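Going by full-length UniProt numbering, 98 is the number at position 98 of the sequence shown; the sequence numbering is gapless.
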Amino acid sequence: MRTLRSEEGDPIRITGCELQKGKLVKLRAQTVDFLDVSDPKAVLEQAFRNFSALTQGDIIEISYNTIVFGLLVMETKPGSEGISVLDTDLEVDLAAPVGHVEPERPKAAPQTTMASKLNIDLSSSTPGSSRPSSSMVGISYRKAEAASEGSKIFRTE
C-alpha cells in the first residue's frame with residue numbers, strides 16, 4: 001500500500017504493459033544497517049523472487065532475519081522507467097547507503113630510504129655525475145697515527 005501511495009479502500013486503476021527484461025538495477029539502502037547483511041547477493045536473489053517488476057524511484061522492502069530493509073531503485077537498464085525481473089539474469093549495483101560515511105584512510109608513513117637514514121642530501125648532484133655531491137657530508141677523516149710497538153704484527157714464514 002505504501003508503494004501505491006494509497007490507503008485501504010482507495011480506488012485504484014490497473015492497466016497492463018509489457019516491460020523489457022532487466023539487465024541492471026542500481027539500489028540504495030535507506031539505512032546503514034544493510035551493511036551488516038552477511039551475504040547481500042543471496043538476500044537480494046531471494047527477495048527478487050517476490051517481485052515481477054522494478055520501477056525507478058520506488059522503495060522496495062525486503063526482509064532478512066526479521067529485519068525489514070528499504071531499498072531505493074535508483075536506476076534500471078535498459079533505460080526505461082521499469083523493468084521485468086522475471087526469468088532474467090539481473091546485475092545489481094549497490095550504492096552507498098543513506099547516512100553512510102566513508103572511514104578516513106590513515107595517511108601512509110613516508111618510506112625510509114638508505115639516504116634518509118644516513119642523512120644524505122639527494123637534492124643536488126655534481127655535473128656529469130649521477131652521485132650526489134653532498135654524499136660525503138658528515139664524514140670526517142683522521143690522520144694516520146703511529147702505532148705503538150706492542151700493537152705491531154710481524155710476519156714470519
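Every residue, glycine too, gets a C-beta built ideally from N, C-alpha and C. These numbers were taken from a predicted model, which means no experiment stands behind them.
Backbone CA spacing between residue i and residue j [nearest angstrom]
i: A108; j: P97; result: 28 Å
i: F34; j: G79; result: 26 Å
i: I120; j: R142; result: 21 Å
i: R155; j: M114; result: 40 Å
i: L86; j: Q111; result: 54 Å
i: G99; j: K117; result: 45 Å
Short Cβ contact (8 Å threshold) for residue i with residue j
i: G82; j: T55; result: yes
i: L90; j: F48; result: yes
i: L27; j: A95; result: yes
i: A53; j: L19; result: yes
i: G9; j: T76; result: no
i: G57; j: V73; result: yes
Extent of the continuous beta strand (DSSP E) run through residue i
i: K77; result: 67 to 77
i: S116; result: Careful: S116 lies outside any beta strand (DSSP E), inside the alpha helix (DSSP H) at 114 to 117.
*Would you check if there are 3 or more beta carbon pairs closer than 8 Å linking the stretch 32 to 46 to the stretch 60 to 70?*
yes
*Only counting runs of 3 or more residues, tell me where the beta strand (DSSP E) segments fall wholly within the stretch 1 to 41, in order along the chain.*
24 to 29
*Quick one: any contact between the stretch 58 to 65 and the stretch 92 to 106, if contact means 3 or more CB pairs under 8 Å?*
no
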